[in-house]
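S.K.:
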Amino acid sequence: MKPKFRAWDSLENKMRYDIGVIEFNAFDKNVSALAFNHHLDDTGYGEVDNSQSEYYDALCFKLMQYTGLKDKNGKEIYEGDILKWLGHHGHGWQATIYGFITYEKEQARFRLNEDNNEYYEDIYRISKIGEVVGNIYENPELLERSSE
Numbered sequence: 001m002k003p004k005f006r007a008w009d010s011l012e013n014k015m016r017y018d019i020g021v022i023e024f025n026a027f028d029k030n031v032s033a034l035a036f037n038h039h040l041d042d043t044g045y046g047e048v049d050n051s052q053s054e055y056y057d058a059l060c061f062k063l064m065q066y067t068g069l070k071d072k073n074g075k076e077i078y079e080g081d082i083l084k085w086l087g088h089h090g091h092g093w094q095a096t097i098y099g100f101i102t103y104e105k106e107q108a109r110f111r112l113n114e115d116n117n118e119y120y121e122d123i124y125r126i127s128k129i130g131e132v133v134g135n136i137y138e139n140p141e142l143l144e145r146s147s148e
């Protein structure tokens with residue numbers, strides 16, 4: 001799988017999917033800059049026409065990676081996405097549950113945090129029954145909802 005990223009632009013309050021280049025700081029290995037509308041040739045090294053490229057300091061952006069999974073409707077699931085699914089809670093009753101995707105650096109894995117608390121769900125299982133309904137930047141109010 002080819003890694004894919006998106007970035008939340010905190011200056012313009014919008015999600016950007018047109019990331020072309022991610023530059024890293026050699027000393028601390030953190031992202032230092034992002035280039036949008038920037039394209040490389042098929043080898044990945046030579047540049048093509050990049051007269052429309054936009055370079056930005058990475059401090060204004062929150063970078064999020066694609067998990068490699070899609071929801072029940074075929075929509076790609078990224079870090080920061082909010083998913084909704086129908087859960088079963090003992091004694092046969094059901095509830096609509098909301099959770100968001102995070103990346104856990106210490107264990108090198110994506111995790112689904114349920115209802116803004118410490119309970120975690122299996123991201124692979126939920127991707128088959130859940131749907132992406134927003135993300136933590138554009139739709140934070142979805143996480144304020146309790147189980148319906």
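FYI, in UniProt numbering the residues of the sequence shown are 1 to 148.
C-beta atoms are modelled at their ideal positions from N, C-alpha and C, and glycine is treated no differently.
What you are looking at is a predicted structure, and each value in this text was computed from that prediction instead of being measured.
I need the straight-line Cα distance from Asn-13 to Thr-67, nearest angstrom please.
M.R.: Approximately 23 Å, taken between the alpha carbons.
S.K.: So if DSSP puts Gly-99 in a beta bridge, which residue, or which two residues, is it bridged to?
M.R.: Per DSSP, Leu-83, Glu-114.
S.K.: Within 10 angstroms of its Cβ, does Leu-11 collect 16 or more other Cβ (buried), or is it exposed?
M.R.: The residue is exposed, with fewer than 16 neighbouring Cβ atoms inside 10 Å.
S.K.: What's the call for Met-64, buried or exposed, on a 16-neighbour Cβ count within 10 Å?
M.R.: Classification of Met-64: buried, given that the 10 Å Cβ count is 16 or more.
S.K.: If Ile-123 and Phe-110 are in contact, beta carbons under 8 Å, what's the gap, nearest whole angstrom?
M.R.: That pair is a contact at about 5 Å.
S.K.: Closest by CA to Asn-113, which one among Asn-135, Ile-22, Phe-5?
M.R.: Of the listed residues, the one whose Cα sits closest to Asn-113 is Asn-135.
S.K.: I'd like the list of long-range same chain contacts for Tyr-103, defined as Cβ closer than 7 Å, with 5 residues on each side in sequence excluded.
M.R.: Contacts found: Gln-65, Glu-79, Phe-110.
S.K.: From the DSSP output, read off the bridge partner residues of Val-132.
M.R.: Paired residue(s): Leu-83.
S.K.: Determine the DSSP secondary structure at Tyr-66, reduced to helix, strand or coil.
M.R.: Of the three classes helix, strand and coil, the one that applies to Tyr-66 here is strand, per DSSP.
S.K.: Throw me the rounded Cβ distance for the Ile-126 and Leu-83 pair, which I believe falls under 8 Å.
M.R.: About 6 Å separates the two Cβ atoms, so the contact holds.
S.K.: Mapping the DSSP letters down to three states, classify Ser-147 as helix, strand or coil.
M.R.: Model confidence at Ser-147 stands at a pLDDT of 45, short of 50, so the residue's coordinates are unreliable; what they give is reported in the following sentence. Looking at Ser-147 - three-state DSSP - the assignment turns out to be coil, as it is neither helix nor strand.
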